[in-house]
Every structure is written in C-alpha cells, then in structure tokens.
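Numbering (the working numbering), first residue to last: 2 to 348.
Below, the structure is given as structure tokens:
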C-alpha cells in the first residue's frame with residue numbers, strides 16, 4: 002500500500018529543507034533499506050520501526066524492508082493560486098494526488114531568508130482558503146449533473162469556509178463526491194518551522210496553534226533536522242538533550258502521518274527477509290494476505306500468528322509454538338499492528 006504526503010506552504014518556509022532532511026535520513030538507512038528517489042522533488046522514506054532489527058536477529062537475515070512513505074516537496078503556494086497566481090493549477094494538481102497534506106508554516110526569523118507570510122495561524126488560513134477556492138471551482142462544474150443535492154450542500158459549506166467533511170460524514174452521501182478528489186477533504190497535519198532558540202518551547206507552540214486551528218501540530222527546526230543527520234546516534238542524542246528536546250522531529254512526522262491515515266503494519270519474518278506490510282487498521286486476515294500478493298486473498302486458508310514480542314522472546318516460530326504463543330486464525334480474524342504472520346494459502 003503506497004502512502005503519499007505533500008509538503009505544502011508559502012514560499013521560503015523551509016519545505017525543501019525539511020524534504021532534504023527526510024531524504025538524508027533515507028540515504029543514511031540505504032545500506033539496510035531499499036529506497037528510491039523518483040524525481041528531484043519526490044522521495045521514498047522508511048517508517049522507523051525498531052521491531053524489524055530484532056526480528057532480523059532472531060531469523061538470522063540481513064534483509065530488512067520497512068513500510069515507507071512517499072514525500073512530495075510541492076512548490077510554494079501564493080495567495081491567488083486558485084485563480085492561477087504563482088504555479089496556480091499545477092500546484093493544486095500536485096496536492097490532489099497526495100493522500101495527506103502536511104501544511105508547513107514559518108515561525109522563525111532569518112535575515113537571509115525573505116519572509117512571505119504574517120504569522121503561522123494567518124498563513125494557514127491563506128493556504129486553506131486557496132484549497133477551498135479550488136474545491137468550489139471543482140464542485141461548481143459538476144453541480145448541474147447532481148440530482149441528489151449533495152453537491153449543493155458541499156458548495157454551500159465551502160462558501161461558508163468549510164463544511165465538506167461534515168457533509169461527507171453523513172451516511173450515503175459520498176457517491177457524488179468520490180470522483181472530485183476535493184482538496185479540503187484530505188487529512189492533514191501542521192508542521193511549524195521554529196527558530197532553534199525556541200525549540201525548548203515547542204510543546205507550548207504546538208498547543209497554542211492547535212487550540213486556534215484544531216489541527217494536529219508538530220514544531221521543529223528543519224535546518225537542525227538536516228544537521229542532525231550528519232551526527233552519530235550518540236552525538237545526536239546529546240545535542241538534542243542540550244537543546245531540551247526529547248527526540249528528532251523527523252521520526253515524529255513519519256509516525257504521525259502513518260497514524261493520521263489510519264494505517265498500521267503487520268510483520269513477516271523469515272530467512273529470506275523481515276518485512277513490515279502497510280495496511281488499513283481493522284482489516285481481516287484475507288485482505289492483509291492480499292497485500293503480499295493479490296492471489297493470497299482469494300486462496301487464503303488460515304494464518305499462523307504470533308505477537309512480535311513473543312516471537313522475539315521465544316526466538317522464532319518453533320520456540321513461540323512450544324511456549325503456546327502461536328495461534329491459527331481464520332478469515333474473520335482482524336489483523337493487529339504487532340502481529341507476525343505466516344499465511345497458509347491454497348494452490
């Protein structure tokens with residue numbers, strides 16, 4: 002399952018710096034993890050998962066394949082983009098193609114980097130307004146074909162500054178909307194790029210902006226995240242400690258994006274490879290098997306399942322089975338995020 006996150010913001014807020022930090026993290030992991038850079042502004046980044054190395058040690062394999070997220074560094078938006086200002090429609094088309102929007106806001110002073118906004122909350126309103134205007138245009142084009150009246154409700158909600166998600170949440174009202182790929186219906190998070198001197202106030206900044214916007218907010222310093230990638234793990238932790246920061250912002254971003262889309266990952270572990278497979282939370286075993294190979298869903302018989310902690314503790318399938326920690330599950334089993342699974346399929 003692919004997952005694409007678009008980094009969106011006004012010009013000069015640090016989008017490319019954050020994107021480069023994410024890719025450097027990717028390259029630092031390249032010895033163990035397969036990765037790809039598709040275009041200069043698109044990169045595939047592994048989802049941090051400490052479980053994989055532990056599983057690899059148990060099954061004695063060097064091949065580890067984590068879940069991944071595709072990050073897209075989208076060119077800076079300007080007021081009037083919905084009407085063609087700046088990159089206009091090209092910018093908005095790129096947003097339409099991602100699964101989650103990461104709004105990046107500037108909250109730092111730098112004489113060498115020209116500011117283009119006012120303050121984080123006002124800048125977020127500008128960004129969202131452009132998405133709303135584009136959605137109004139999309140809905141307006143289809144309203145004449147809409148016999149259910151749903152698009153009229155959505156149109157009115159957009160003109161009031163929101164309302165799309167509320168309309169869509171009502172049962173049976175999604176049919177007319179699905180093909181429009183409305184920008185304001187995408188899940189989102191907010192990244193606030195703060196000055197290094199304010200990193201120890203990150204929690205307060207996050208809380209303040211969340212209260213004003215109701216968005217999930219993370220505060221970090223993109224330039225620092227870039228620099229941290231050049232340090233050893235020990236030096237990185239010491240530097241963060243001196244700054245009064247518990248952990249790197251990059252891992253938080255990746256984890257939050259995964260969570261916001263309602264995703265988790267089950268695990269497979271064998272001599273050939275250890276791998277995390279991305280799934281929607283709440284899916285049943287046959288559907289999870291189909292993530293590995295489409296035929297597996299059709300030919301599913303049962304699943305051999307162990308908790309990851311038990312698998313590691315008892316040194317693999319044999320030990321976990323002897324300890325009574327392996328179970329066989331059928332078609333109705335709902336896969337959990339900490340499951341190590343081996344699927345049995347028919348011929």
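The C-beta atom is built at its ideal place from N, Cα and C for all residues, glycine as well.
For this session: Note down, in chain order, each residue of its chain lying with its Cβ closer than 6 Å to the Cβ of residue 218, except the 5 sequence neighbours on either side.
Result: Counted from its first residue, the chain shown places residue 218 at position 217. Within the same chain, residue 218 has close Cβ partners 191, 207, 210, 211.
Exercise. Between residue 18 and the rest of its own chain, which residues show a CB-CB distance below 7 Å, the 5 nearest in sequence each way excluded?
Worked result: Taking the chain shown and counting its residues from 1, the one referred to as residue 18 is at position 17. Result list for residue 18: 223, 224, 227, in chain order.
Problem set entry | Exposure label - residue 194; buried when at least 16 CB within 10 Å | Translated into positions along the chain shown, residue 194 becomes position 193. The residue in question, residue 194, is buried, as its Cβ has 16 or more Cβ neighbours within 10 Å.
For this session: Using only alpha-carbon positions, find the residue among 201, 315, 279 that is nearest to residue 47.
Result: One-based indexing of the chain shown puts residue 47 at position 46. Comparing Cα-Cα distances from residue 47 to each of 201, 315, 279, the minimum goes to 279.
For this session: Could you name the residues of the same chain whose beta carbon sits closer than 7 Å to that of residue 313, not counting the 5 residues immediately before and after it, in chain order?
Result: Here residue 313 corresponds to residue number 312 of the chain shown, with the count starting at 1. Cβ neighbours of residue 313 beyond the five flanking positions: 55, 56, 59.
For this session: Please classify residue 97: does DSSP put it in a helix, a strand, or coil?
Result: Your numbering for residue 97 matches position 96 in the chain shown. Correct three-state label for residue 97: helix.
Exercise. What number of angstroms, rounded off, separates the C-alpha of residue 102 from the C-alpha of residue 9?
Worked result: The count along the chain shown starts at 1 and reaches residue 102 at position 101. The count along the chain shown starts at 1 and reaches residue 9 at position 8. Looking at the two C-alpha atoms, the distance is approximately 7 Å.
Exercise. Helix, strand or coil: which one does DSSP assign to residue 233?
Worked result: The residue you call residue 233 lines up with position 232 of the chain shown. Of the three classes helix, strand and coil, the one that applies to residue 233 here is coil, per DSSP.
Problem set entry | Through-space distance from residue 270 to residue 31, alpha-carbon basis | Within the chain shown, residue 31 is the residue found at index 30, counting from 1. Within the chain shown, residue 270 is the residue found at index 269, counting from 1. Low confidence applies here, because residue 31 scores a pLDDT of 44, under 50, leaving its location unreliable; read the following figure in that light. Going by the C-alpha atoms only, they are around 20 Å apart.
Problem set entry | Nearest candidate by alpha-carbon position, reference residue 187, set 340, 302, 104, 42 | The count along the chain shown starts at 1 and reaches residue 187 at position 186. With distances taken between Cα atoms, residue 187 lies closest to 104.
Exercise. So, are the CB atoms of residue 321 and residue 333 less than 8 Å apart?
Worked result: For the purposes of this step, residue 321 is taken as the residue at position 320 of the chain shown. For the purposes of this step, residue 333 is taken as the residue at position 332 of the chain shown. In this structure, residue 333 does not lie closer than 8 Å to residue 321 by Cβ.
Exercise. Candidates 338, 215, 61: which alpha carbon is nearest residue 307's?
Worked result: Walking along the chain shown from the start, residue 307 turns up at place 306. The candidate whose alpha carbon is nearest that of residue 307 is 338.
Exercise. Which residues in the same chain have their Cβ closer than 8 Å to the Cβ of residue 141, if we skip the five residues on either side of it in sequence?
Worked result: Position 140 of the chain shown holds residue 141. Contacts found: 156.
Problem set entry | Residue interval of the alpha helix (DSSP H) (run including residue 121) | Here residue 121 refers to the residue found at position 120 of the chain shown. First-last of the alpha helix (DSSP H) with residue 121: 121-143.
Exercise. Chain B beta carbons: is any one of them nearer than 8 Å to that of residue 56?
Worked result: You won't find chain B in this structure, because it holds only one protein chain.
Exercise. Would DSSP call residue 287 helix, strand or coil?
Worked result: Walking along the chain shown from the start, residue 287 turns up at place 286. Residue 287: helix per DSSP, three-state reduction.
Exercise. Cα separation between residue 68 and residue 250?
Worked result: In the chain shown, counting from the first residue as 1, residue 68 sits at position 67. In the chain shown, counting from the first residue as 1, residue 250 sits at position 249. Between residue 68 and residue 250, the C-alpha separation is close to 18 Å.
Problem set entry | residue 342, buried or exposed, once every other Cβ within 10 Å from all chains shown has been counted against 16 | If you number the chain shown from 1, residue 342 lands on position 341. When all chains shown are included, residue 342 counts as buried.
Exercise. Would the beta-carbon of residue 237 fall within 8 Å of that of residue 244?
Worked result: For the purposes of this step, residue 237 is identified with residue 236 of the chain shown, where counting begins at 1. For the purposes of this step, residue 244 is identified with residue 243 of the chain shown, where counting begins at 1. Not closer than 8 Å, so no.
Problem set entry | Cross-strand partners of residue 261 (DSSP beta bridge) | Locating residue 261 in the chain shown gives position 260, counting from the first residue. DSSP output for residue 261 lists no bridge partner at all.
For this session: For residue 153, count neighbouring Cβ atoms within 10 angstroms of its own Cβ and tell me buried if that reaches 16, exposed if not.
Result: Position 152 of the chain shown, counted from the first residue, corresponds to residue 153. So residue 153 ends up on the exposed side.
For this session: With DSSP as the reference, label residue 155 as helix, strand or coil.
Result: Numbered from 1 along the chain shown, position 154 holds the residue referred to as residue 155. Residue 155 falls in the helix class under three-state DSSP.
Problem set entry | Limits of the beta strand (DSSP E) - the one that residue 220 falls within | For the purposes of this step, residue 220 is identified with residue 219 of the chain shown, where counting begins at 1. Residues 218-221.
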